[in-house]
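K.L.:
Residue numbers (this note's numbering), protein chains in the order written: chain A, 17 to 262; chain B, 17 to 262; chain C, 417 to 641; chain D, 389 to 638; chain E, 203 to 421.
Take this structure, written in structure tokens, and hold onto it; I'll ask about it next.
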Amino acid sequence: MAEEILKVEHLNKFYGDWQALHDINFSINKGEVVTLLGPSGSGKSTLIRTLNGLEPFKDGRIYFHGKQVDPNPKTWQDLRQKIGMVFQSYDLFPNLTVLDNILLAPVKVQGRDKAAVQKEALELLDRVELRNHADAYPRELSGGQKQRIAIVRALAMHPELMLFDEVTASLDPEMVRGVLKIIKELSDQDHMTMIIVTHEMNFAAKIADQVLFLENGRILEETPGQQFFDHPQTDRATEFLNSMDF
Amino acid sequence: MAEEILKVEHLNKFYGDWQALHDINFSINKGEVVTLLGPSGSGKSTLIRTLNGLEPFKDGRIYFHGKQVDPNPKTWQDLRQKIGMVFQSYDLFPNLTVLDNILLAPVKVQGRDKAAVQKEALELLDRVELRNHADAYPRELSGGQKQRIAIVRALAMHPELMLFDEVTASLDPEMVRGVLKIIKELSDQDHMTMIIVTHEMNFAAKIADQVLFLENGRILEETPGQQFFDHPQTDRATEFLNSMDF
Amino acid sequence: MAHSGINVLFEGTNFLRLMGGLWTAIWIAGLSLILGLALGTILGMFRTMKSRIIRFILRLYLEFFRIVPTVVLLFLVYYILPRQFNVNWPATWMAVLAFTLWVAAEFSDIVRGALESVPEHQRESGLALGLNQWQLFRYVLLPQALRLELPATINLATRVIKTTSLLLMISIMDVINVGQQIIEANNQTYPTGVFWVYGLIFILYFIIDYPLSKWAKHLTAKQQY
Amino acid sequence: ASNASTVAAIKKRGQLRVAVFGDLPPYGWVNKDGKRVGYDVELARRMAKDLGVKPKFVQVNANNRVDTLNSNKADIVLANFTVTPERKNAVSFAKPYMKVSVGVVSPKNKKITKVSQLKGKKLIVTKGTTAENYFTSKQPGVNLMKFDSKTQQFNALKNNRAAALADDNSYLYAWVKKNPKYTVGIKSVGPHQYIAPAVKKGNTSLLNWSNKEITKLNKEGFFTQDYNHQLKPYFGSEVKPSDIILKQGK
Amino acid sequence: MSWTVIQQSLPNFIQGFKLTLWLSLVGIIGAIIVGIIASLVQYFRVPVLSRFFDIYVEVARNTPLLIQLFFLYYAFPVLGWKMSAETCGIVGLIFLGGAYMAEGFTGGFNGVSKSQLDGGRALGMSNLQLARYVVFPQGFALSMPALAANVIFLVKETSIFSVIAIPELTNTALDLIGMYYQSNEYLFVLVVAYAIILIPLILILNWLERRVRYGTFGN
Ligand SMILES: Nc1ncnc2c1ncn2[C@@H]1O[C@H](COP(=O)(O)OP(=O)(O)OP(=O)(O)O)[C@@H](O)[C@H]1O
Ligand SMILES: Nc1ncnc2c1ncn2[C@@H]1O[C@H](COP(=O)(O)OP(=O)(O)OP(=O)(O)O)[C@@H](O)[C@H]1O
Ligand SMILES: [Mg+2]
Ligand SMILES: [Mg+2]
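Structure (structure tokens):
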């Protein structure tokens, strides 16, 4: 049986008195791609952020490699070296060059050898076709380029799991493709385990092994990828899919 | 023959030394919908803004109802009462209620009777299903609602031509539909003459009588609507259409 | 008429003495800024901490300096410190102390504002990379905050320089005090001396402050790409 | 630090810190060459010399003379400091070295000769002077304009900001000589008073030394010399040494 | 610290307090008027006038109030132009404050987003209508923080009026210290007096700032 990387059990999340996530249960195996879909405000970002310790939670358990995560800042800080995350906002550090953005965490946090990391970083940049921008500052790059760098920056940590939260939502339509292509390659070639929030339905249909459809903080359905798009189980999901193309 | 509303001849537009538009020629007849397509930075916004006098131009001529437009601020100010425009950014005035936003220009600029305009405004609000938000402030509305109000605000001036510049680009995917629906109705029911910049290809395919495909400030092709999507004439347009769906 | 009065500035060592007075004002401003910025940075960091007590105390400290006019501050230090606390420094050092505390208060607010205005997603993406709090501060927040706060800091510097004009109130031989001596000493030969001496001082302050505020404006404009 | 101004401490430091005016010719001011001169300053230099130390001048305005002592910024005040009962509560005065009373200066063409003429009019004074004190407490009908420094007050008078200016007659005499459009219309109002060195309360060591010093200087006629050096050139003919200085010689 | 000393000084301080309030009020209102005019002229780049205001703002902002007052009070009469101390103080405060206010308003007006201007233009508004319905209401709200800071700043600057013999609060304290030497007590009363003026003022301005911001932008 496939190795389980992450498991979530009975997760409840509150903002003050208001419950943002209700009894979330799911797990993801090595090499698998899980896509979170659902209308705006349904809790997709909240869930994915909770999986990286950016949002505290009270109820429920998260297991990483079968080991329960003790939700304190120190544990999360260590764990984040194994869980890469990329956000919608271009979150490169504006005060560092592209290369320094990539080197920062592996060198300062993981304490790896700078020369070795640098060699690897340049290879990764090659892969996303941005090697000649290594010394540029983020402000000199287009949105699509920035997101590709952000992915490289996360990959340079050698994560075992990658989280993507609407990474193409702020991009110009033509830029979207390049970014999605890289994520697709990560799945096809590197068999990276990934949890992806996206509004690009065509992309989701192609990449998802499993779809979690959320509404109002609840998982309404959990369906294998292609099946979800062909025959969603719930009416709400059908309606949602219809609303997505004009 | 159909009545010509707007004609552009040999329009060149410079930002400083840099030429943003090159020798633009086209015309639009009453009741027609022209869609501007093209990659980011190709000059779509520049062109549509120039047609409303928001960007000055040096070379070329613009005719409105066959009469050449003298490009001075006063002429444009008068003309803008006949040419409505809606932008990507929700540009409602945040300090006024929805109704006051709509009334401002007809009453203060056109000097029309307030009671009459108000009656009409409420009918328009009805049509976009927002009558009960007449006294709300823009901050209380969602993006999609704001854009629908912005359209109403422009319509209240009784324009003969409407310009739309990516009015759905900043909207949540689920909001897009309601806005596009209204624009479609304007075309189908009111036979409004419109020039539309959009990245929603499905929508463009349904609404466009004529497509202008721009790149690098030039019109690369000018093709009747459905034909453009089925058999674009240029390779660049083919490539562009392909890039738009993953 | 006033035309001949300008010579009062060049009589004897007058001009040099005025420059000497200006120098006093400048080094007091400069030293206070260096000390105040250092202290203010630390206080500003503390003000973004979670502890409510520390934040409250530092807030009180800031509000005190917001409320008390700088002249009054100078008098407080000048009159109260020696008597109540037996601190017995020359007036120039008293001024440096008063200015330093004032600059630190104002700057702590600038630093806090800058730290807080670094976008939240910058902090989060730092965390997501596994940076700890200190690394986050050192590599992400501080460098960005420093850039953001530069214009406000320059503006604070121009205010400190302008405020040195108050030094005469606590009998420091600054440029205005020297100016008054010169006016007094040359009263008879140059009855319009008062016009030229104050005029020169006016221009001197302008020459120092104008380039600084131009620079701050330039930086602000650049930051709003 | 409270006894840092004892004679022993001063000698050890090698410096006598003297509070003087910086803008009050001919008593304490800075001349065109940037040098401190004046009647008070010459006395200060002499006292320092007799102590075997160097003088260090601390420039003051009238209103911070007391605090300069109390906050230990100076060992002694030689700044035309008139002895008054209130001041005696705040500092210790040594033996006086000068006579003084408040005078009133006004433009010759609108001469003020009686205090009653000032009723309802504006009168310029400097904060913390005996003139201010006298008019505040004894002549409430006069509108006072209060300035920080001598420069400011005389400039204000010259700009016709008030009908007259009241201050110690001793330097009004000097000032009218330089400013012939003005005259000391009232030579003396209020009590006759004395000017003396002041030290911080409780500094008996320096107080006793100063008393002896003043006695000694009186005997050797130092103040006549001082008068001739510093004051005479600035006074008109109407002022005699005996108007200003105390009896000299044995 | 002696209460009797404080009590005896209260009548003097109350006089000074009233004067400080009055001068601040007049100065600040004047400064706001000058600031609005200057910033509108600058915003619309009115020929000649805007150049004049540019220079004015730079000169006033980059020189100390104290020297401005000395100049007005002691140096101007040399040129035959005399104003009373109070007038000098108010003129000085308006001169300085007008420049600060102009800066604040200009910042606010420039902060009105370009899309709002385009939105207004696209509705056929003239420049004047744009100013009246778009630039001014939104720009004013945006400049509230600067306005509040300037008001506080100007109230505190009145303490410098002391140097031209205006018997406001600070002058009163210095004067009493000069006469009776009770510096602890007088300085204490002085600080308290400023706190009495400024603390409520700060609270009111904060409240107003939030109100105006909310009324205009909803945050
Ligand atoms: N910090 C917060 N405090 C309070 N409520 C919050 C916070 N963050 C999110 N929420 C609320 O939680 C709900 C879920 O938000 P979330 O951002 O997870 O939705 P989403 O599915 O990611 O939506 P979108 O597609 O728009 O990104 C929303 O109602 C939102 O308003
Ligand atoms: N004010 C300006 N000054 C200088 N260059 C400008 C200005 N506005 C636009 N441009 C440039 O003109 C070109 C065309 O821009 P425009 O905004 O018209 O493109 P677009 O086709 O609307 O793109 P998008 O799809 O991203 O909206 C771009 O290269 C842009 O950088
Ligand atoms: Mg989200
Ligand atoms: Mg555009």
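Even glycine gets a Cβ: it sits at the ideal position worked out from N, Cα and C.
Please read all numbers here as calculations on a predicted model, not as lab measurements.
Between the C-alpha atoms of glycine 127 (chain B) and leucine 319 (chain E), what's the straight-line distance to the nearest angstrom?
P.N.:
The count along the second sequence starts at 1 and reaches residue 127 (chain B) at position 111. The count along the fifth sequence starts at 1 and reaches residue 319 (chain E) at position 117. Their backbone Cα atoms lie some 20 angstroms apart in a straight line.
K.L.:
Taking one C-beta from the region 305-322 of chain E and one from the region 101-115 of chain B each time, how about it: are there three or more such pairs within less than 8 angstroms?
P.N.:
With the cut-off at 8 angstroms, the region 305-322 of chain E and the region 101-115 of chain B touch.
K.L.:
Whole angstroms are fine: how far does the CA of aspartate 151 (chain B) sit from the CA of leucine 202 (chain A)?
P.N.:
For this step, residue 202 (chain A) is matched to residue 186 along the first sequence. For this step, residue 151 (chain B) is matched to residue 135 along the second sequence. Answer to the nearest angstrom: the Cα atoms are 51 angstroms apart.
K.L.:
Where isoleucine 588 (chain C) and glycine 426 (chain D) are concerned, what is the direct C-alpha to C-alpha distance, given to the nearest angstrom?
P.N.:
The residue you call residue 588 (chain C) lines up with position 172 of the third sequence. The residue you call residue 426 (chain D) lines up with position 38 of the fourth sequence. Going by the C-alpha atoms only, they are around 20 angstroms apart.
K.L.:
Can you list, in chain order, the residues of its chain with a C-beta nearer than 8 angstroms to that of lysine 633 (chain C)? Leave out the 5 residues immediately preceding and following it.
P.N.:
In the third sequence, residue 633 (chain C) corresponds to position 217, counting from 1. For lysine 633 (chain C), where only same-chain residues beyond five positions count, the Cβ hits under 8 angstroms are Pro567.
K.L.:
If we cut at 7 angstroms on Cβ distances, does leucine 546 (chain C) have a partner in chain A?
P.N.:
Along the third sequence, read from residue 1 onward, the residue named residue 546 (chain C) stands at position 130. Residue 546 (chain C) is actually glycine in this sequence, not leucine. Judged by the 7 angstroms Cβ criterion, glycine 546 (chain C) is in contact with chain A.
K.L.:
Are the beta-carbon atoms of alanine 375 (chain E) and leucine 392 (chain E) separated by less than 7 angstroms?
P.N.:
Position 173 of the fifth sequence, counted from the first residue, corresponds to residue 375 (chain E). Position 190 of the fifth sequence, counted from the first residue, corresponds to residue 392 (chain E). Against a cut-off of 7 angstroms, the Cβ pair of leucine 392 (chain E) and alanine 375 (chain E) comes out as a contact.
K.L.:
In whole angstroms, what separates the C-alpha of serine 390 (chain D) from that of asparagine 596 (chain D)?
P.N.:
What you label residue 390 (chain D) is simply residue 2 of the fourth sequence in a count that begins at 1. What you label residue 596 (chain D) is simply residue 208 of the fourth sequence in a count that begins at 1. Its pLDDT being 43, under 50, serine 390 (chain D) is placed unreliably by the model, and the measurement read from it follows with that caveat. Serine 390 (chain D) and asparagine 596 (chain D): Cα-Cα distance of roughly 17 angstroms.
K.L.:
What three-state label does DSSP hand methionine 285 (chain E) in the structure shown?
P.N.:
For the purposes of this step, residue 285 (chain E) is taken as residue 83 along the fifth sequence, with counting starting at 1. If DSSP states are grouped into helix, strand and coil, methionine 285 (chain E) belongs with coil.
K.L.:
Considering only DSSP beta bridges, list what arginine 96 (chain A) is partnered with.
P.N.:
For the purposes of this step, residue 96 (chain A) is identified with residue 80 of the first sequence, where counting begins at 1. Answer by DSSP bridge pairing: none, since arginine 96 (chain A) is not bridged.
K.L.:
Report yes or no: is there a C-beta of chain E within less than 7 angstroms of the C-beta of serine 533 (chain C)?
P.N.:
Within the third sequence, residue 533 (chain C) is the residue found at index 117, counting from 1. No, no contact with chain E.
K.L.:
How big is the Cα-Cα spacing for glutamate 522 (chain C) and glycine 529 (chain C)?
P.N.:
Here the question's residue 522 (chain C) lines up with position 106 in the third sequence. Here the question's residue 529 (chain C) lines up with position 113 in the third sequence. Computed Cα separation, rounded: 11 angstroms.
K.L.:
Roughly how far, in whole angstroms, is the beta-carbon of valine 479 (chain D) from the beta-carbon of phenylalanine 445 (chain D), given that I think they are within contact range, below 8 angstroms?
P.N.:
Locating residue 479 (chain D) in the fourth sequence gives position 91, counting from the first residue. Locating residue 445 (chain D) in the fourth sequence gives position 57, counting from the first residue. Incorrect: roughly 18 angstroms between the Cβ atoms, too far for contact.
K.L.:
How many whole angstroms separate the CB atoms of alanine 52 (chain B) and lysine 60 (chain B), which I take to be in contact at a CB cut-off of 8 angstroms?
P.N.:
The sequence position of residue 52 (chain B) within the second sequence is 36, counting from 1. The sequence position of residue 60 (chain B) within the second sequence is 44, counting from 1. It is worth fixing the name first, because residue 52 (chain B) is leucine in this sequence and not alanine. About 5 angstroms; that satisfies the 8 angstroms criterion.
K.L.:
Following a CB-centred definition, is lysine 578 (chain C) positioned closer than 6 angstroms to any heavy atom of ligand 4?
P.N.:
As a working mapping, residue 578 (chain C) is identified with position 162 in the third sequence. Result no, Cβ not under 6 angstroms from ligand 4.
K.L.:
Does alanine 304 (chain E) come within less than 7 angstroms of chain B when only Cβ atoms are used?
P.N.:
Along the fifth sequence, read from residue 1 onward, the residue named residue 304 (chain E) stands at position 102. Output row for alanine 304 (chain E): interface = no.
K.L.:
Could you give the uninterrupted runs of the alpha helix (DSSP H) lying entirely in the region 464-500 of chain D, keeping only those of 4 residues or more?
P.N.:
Runs of the alpha helix (DSSP H) inside the region 464-500 of chain D: 473-478.
K.L.:
Are the CB atoms of glutamate 71 (chain A) and arginine 77 (chain A) within a distance shorter than 7 angstroms?
P.N.:
As a working note, residue 77 (chain A) is residue 61 in the first sequence. As a working note, residue 71 (chain A) is residue 55 in the first sequence. For arginine 77 (chain A) and glutamate 71 (chain A), no; Cβs fall outside 7 angstroms.
K.L.:
Closer than 9 angstroms by beta-carbon distance: list the chain D residues that pair up with threonine 429 (chain C), in chain order.
P.N.:
In the third sequence, counting from the first residue as 1, residue 429 (chain C) sits at position 13. Those are Lys420, Asp421, Gly422, listed as they occur along chain D.
K.L.:
Compare the C-beta of glutamate 190 (chain B) with all C-beta atoms of chain A and state if any pair is closer than 7 angstroms.
P.N.:
Position 174 of the second sequence, counted from the first residue, corresponds to residue 190 (chain B). So yes, glutamate 190 (chain B) belongs to the interface.
K.L.:
Compute the beta-carbon to beta-carbon distance between tyrosine 606 (chain C) and glycine 421 (chain C), rounded to the nearest angstrom, for a pair I have assumed lies under 8 angstroms.
P.N.:
On the third sequence, position 190 is the one that residue 606 (chain C) refers to. On the third sequence, position 5 is the one that residue 421 (chain C) refers to. The pair is a contact, with the Cβ atoms about 5 angstroms apart (cut-off 8 angstroms).
K.L.:
Count the other C-beta atoms from every protein chain shown that fall within 10 angstroms of the C-beta of methionine 203 (chain E), then say buried if there are 16 or more, exposed otherwise.
P.N.:
Position 1 of the fifth sequence holds residue 203 (chain E). It counts as exposed.
K.L.:
Thinking just about the alpha-carbon of each residue, which of A:Glu216, A:Met173, A:Lys74 is nearest to the one in phenylalanine 30 (chain A)?
P.N.:
As a first step, residue 30 (chain A) must be located in the first sequence, where it is residue number 14. When each option's Cα is compared against that of phenylalanine 30 (chain A), the closest is A:Lys74.
K.L.:
Taking 6 angstroms as the cut-off, is the beta-carbon of serine 61 (chain B) closer than that to any non-hydrogen atom of ligand 4?
P.N.:
In the second sequence, the residue the question calls residue 61 (chain B) occupies position 45. Yes, the beta carbon of serine 61 (chain B) sits closer than 6 angstroms to at least one heavy atom of ligand 4.
K.L.:
With a threshold of 6 angstroms (Cβ to nearest heavy atom), would serine 56 (chain A) be considered close to ligand 1?
P.N.:
Here the question's residue 56 (chain A) lines up with position 40 in the first sequence. Serine 56 (chain A): yes, Cβ under 6 angstroms from ligand 1.
K.L.:
Measuring CB to CB, does leucine 177 (chain A) end up less than 7 angstroms from threonine 214 (chain A)?
P.N.:
The residue you call residue 177 (chain A) lines up with position 161 of the first sequence. The residue you call residue 214 (chain A) lines up with position 198 of the first sequence. Not closer than 7 angstroms, so no.
K.L.:
Across which residues does DSSP place glycine 416 (chain D) in a beta bridge pair?
P.N.:
For the purposes of this step, residue 416 (chain D) is taken as residue 28 along the fourth sequence, with counting starting at 1. Glycine 416 (chain D) is bridged to D:Leu412.
K.L.:
Helix, strand or coil: which one does DSSP assign to threonine 569 (chain C)?
P.N.:
By one-based count along the third sequence, residue 569 (chain C) stands at place 153. In this structure, threonine 569 (chain C) counts as helix in the three-state DSSP scheme.
K.L.:
With 16 other CB atoms within 10 Å as the buried threshold, where does phenylalanine 481 (chain C) fall?
P.N.:
Start at 1 with the first residue of the third sequence, and residue 481 (chain C) comes out as number 65. Phenylalanine 481 (chain C) comes out buried.
K.L.:
Alpha carbon to alpha carbon, how far is methionine 417 (chain C) from phenylalanine 611 (chain C)?
P.N.:
In the third sequence, the residue the question calls residue 417 (chain C) occupies position 1. In the third sequence, the residue the question calls residue 611 (chain C) occupies position 195. Below a pLDDT of 50, predicted positions are generally treated as unreliable, and methionine 417 (chain C), at 43, falls in that range; the measurement from the model is reported next regardless. Spanning the two alpha carbons is a distance of roughly 11 angstroms.
K.L.:
Considering just the uninterrupted stretch of the beta strand (DSSP E) at tyrosine 106 (chain B), what are its terminal residues?
P.N.:
Taking the second sequence and counting its residues from 1, the one referred to as residue 106 (chain B) is at position 90. Neither: tyrosine 106 (chain B) is in no beta strand (DSSP E) and is coded neither H nor E.
K.L.:
Does the region 271-279 of chain E touch the region 334-342 of chain E, meaning 3 or more C-beta pairs lie closer than 8 angstroms?
P.N.:
Because the criterion of three Cβ pairs below 8 angstroms is not met, the region 334-342 of chain E and the region 271-279 of chain E do not touch.
K.L.:
Relative to the C-alpha of arginine 234 (chain B), which residue among B:Thr62, B:Lys46, B:Gly194 is closest?
P.N.:
Start at 1 with the first residue of the second sequence, and residue 234 (chain B) comes out as number 218. Arginine 234 (chain B) has its Cα closest to that of B:Thr62, out of B:Thr62, B:Lys46, B:Gly194.
K.L.:
Name the residues in the region 68-99 of chain B whose C-beta lies less than 9 angstroms from a C-beta of chain E; which are they?
P.N.:
Answer in chain order: Asn68, Gly69, Leu70, Pro89, Lys90, Trp92, Gln93, Asp94, Leu95, Arg96, Gln97, Lys98, Ile99.
K.L.:
Can you tell me whether threonine 360 (chain E) is buried or exposed? The criterion is at least 16 other CB atoms within 10 Å of its CB, across all chains shown.
P.N.:
Position 158 of the fifth sequence, counted from the first residue, corresponds to residue 360 (chain E). Flag for threonine 360 (chain E) reads buried.
K.L.:
Counting only beta-carbon separations shorter than 7 angstroms, does glutamine 447 (chain D) have a partner in chain C?
P.N.:
Locating residue 447 (chain D) in the fourth sequence gives position 59, where the first residue counts as 1. Yes, glutamine 447 (chain D) lies at the interface with chain C (some Cβ there is under 7 angstroms from its Cβ).
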